[in-house]
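Going left to right, the sequence shown walks through residues 3 to 126 as the working numbering numbers them.
Built from N, CA and C at the ideal position, the CB exists for glycine as well.
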Amino acid sequence: MTPPCRVFPASQLETEIQTNEFGKRRKAQGGGRRIDLSACELLSLVQHDCVIDRPEISNSPVYCWPVQRWYRRCQDQRGSFMVETTMWEGRKKEKVTTPPPPVKGDAGEKAQVNRAEAKDGRLG
């Protein structure tokens, strides 16, 4: 089991990465004083959030929505480390984009489903 993670607002991420998991100050590579999060390599990962329409039925449709996650790979004197920056990256965007429609998992068709209804089991 992984150790618990500290929770803090995205606005504090740039400050939080200045210390390692043991609470010691990170030393920037090349003798710099601080690690510049925006200069770290940007990586992405797409996960899916899925809901089964009617779980009691064996061939019930599955509806899935893509969930984009963003990460930064940074360097300190000890090597590289990764930090999830999904919320931090979102704070930097000026324009919020509308998420794509859900994808019906059993046939790959686009479904017009309200996500809240799907999660509440109100799909008909």
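Extent of the continuous beta strand (DSSP E) run through residue i
i            : result
glutamate 86 : 81-86
glutamine 14 : That residue, glutamine 14, is in no beta strand (DSSP E); it is neither H nor E in DSSP.
glutamine 70 : 64-78
Whole-Å CB distance - residue i paired with residue j, under 8 Å assumed
i             : j                : result
glutamine 146 : isoleucine 37    : Residue 146 cannot be examined here, being either before or after the span of the chain that is shown, 3 to 126.
glutamine 70  : serine 46        : 6 Å
threonine 87  : arginine 75      : Their Cβ separation, rounded to whole angstroms, is 10 Å, which puts threonine 87 and arginine 75 out of contact at 8 Å.
glutamate 18  : phenylalanine 10 : 6 Å
methionine 89 : alanine 12       : 4 Å
Between the CA atoms of residue j and residue i - distance to the nearest angstrom
i             : j           : result
proline 6     : arginine 28 : 20 Å
arginine 56   : tyrosine 65 : 11 Å
isoleucine 54 : serine 62   : 7 Å
aspartate 51  : leucine 44  : 23 Å
glycine 34    : serine 82   : 15 Å
For this session: Entirely within the stretch 27-59 and at least 3 residues each: give me those beta strand (DSSP E) ranges in chain order.
Result: 43-54
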